[in-house]
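All you need for this note's numbering is the position in the sequence shown, starting with 1, plus 32.
Note that beta-carbon positions come from the ideal geometry of N, C-alpha and C, so glycine has one too.
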Amino acid sequence: MIALFVNYKYLSDGQLMERVRRKDDEQAFAEIYHRYARLLQGFFFRRLGGDEEQSSDHMQDTFLKVWSSRWNYSDGQSFRTWIFTIAYNLCKNTYRQNQHEQEYLDSLPTDEPIAEDSTPLKLDAATFDSALQQELAHLNEAQQMLFELRFTQELTVPEIAAIIDIPEGTVKSRLNTLTNYLRLKLKDYE
33 MIALFVNYKY
43 LSDGQLMERV
53 RRKDDEQAFA
63 EIYHRYARLL
73 QGFFFRRLGG
83 DEEQSSDHMQ
93 DTFLKVWSSR
103 WNYSDGQSFR
113 TWIFTIAYNL
123 CKNTYRQNQH
133 EQEYLDSLPT
143 DEPIAEDSTP
153 LKLDAATFDS
163 ALQQELAHLN
173 EAQQMLFELR
183 FTQELTVPEI
193 AAIIDIPEGT
203 VKSRLNTLTN
213 YLRLKLKDYE
């Protein structure tokens with residue numbers, strides 16, 4: 033019997049998950065890890081306030097969940113959507129755990145008035161990025177997550193709808209509202 037060599041880097045995510053699911057193929061799982069670990073690490077880093085340790089823990093938890101839930105993955109299902117659904121749910125759980133802390137912070141009075149910056153705007157990418165990050169910080173967690181999934185992870189509307197578990201029309205509506213809000217807030221950079 034001749035053993036066939038499988039070059040995992042040429043297999044699709046779906047083919048890799050099929051091998052993981054049907055054969056407990058650790059090399060296929062390692063290839064999935066290689067493809068998605070950095071992407072998920074960045075996703076969690078941005079979603080969890082820049083905490084590297086927590087981001088790393090969540091990334092590892094995601095892959096543990098992928099392995100332990102491998103039987104729940106269906107042939108033909110978008111692996112990218114499936115793994116980001118797992119990551120999204122981990123973020124939601126963290127947000128819930130931290131909600132009491134945020135409620136306390138929101139209840140604190142703000143005594144300092146917000147002053148408008150009168151210095152001329154420097155219209156370069158770094159200034160725009162900084163202004164965008166400030167505006168994103170003012171959004172609620174759901175809006176930040178929507179921005180992250182669409183514009184940073186570049187997921188499609190159907191993928192986002194599947195991850196967040198809302199209709200595509202609702203995703204489109206929320207994206208429209210979000211982009212109009214950001215366009216208004218960042219109009220000085222047009």
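- With contact defined as three or more Cβ pairs closer than 8 Å, the stretch 81-95 and the stretch 155-173 are not in contact.
- Distance check between R215 and each of Y105, F95 and E167 places E167 closest, using alpha-carbon atoms only.
- For W99, the enclosing alpha helix (DSSP H) has its first and last residue at E84 to S100.
- Secondary structure of G108 (DSSP, three-state): coil.
- Here DSSP, grouped into helix, strand and coil, assigns S44 to coil.
- In this structure, I195 sits near F116, with a CB-CB distance shorter than 8 Å.
- If you draw a straight line from the Cα of E173 to the Cα of S88, it is about 20 Å long.
- Between C123 and L43, the alpha-carbon positions lie close to 29 Å from each other.
- The C-alpha of H66 is placed about 33 Å away from the C-alpha of L210.
- Of the other Cβ atoms in all chains shown, 16 or more fall within 10 Å of the Cβ of F61; this residue is therefore buried.
- Taking a C-beta distance under 8 Å as the contact criterion, T184 and R70 do not qualify as a contact pair.
- Shown here for E200: same chain residues with a beta carbon closer than 7 Å to its own, the five before and five after excluded, namely V189, P190 and A193 in chain order.
- Here DSSP, grouped into helix, strand and coil, assigns V38 to coil.
- Shown here for G108: same chain residues with a beta carbon closer than 8 Å to its own, the five before and five after excluded, namely G46 in chain order.
- If you look at N172, you'll find it isn't in any alpha helix (DSSP H); DSSP assigns it neither H nor E.
- Where K204 is concerned, the enclosing alpha helix (DSSP H) starts and stops at E200 to K217.
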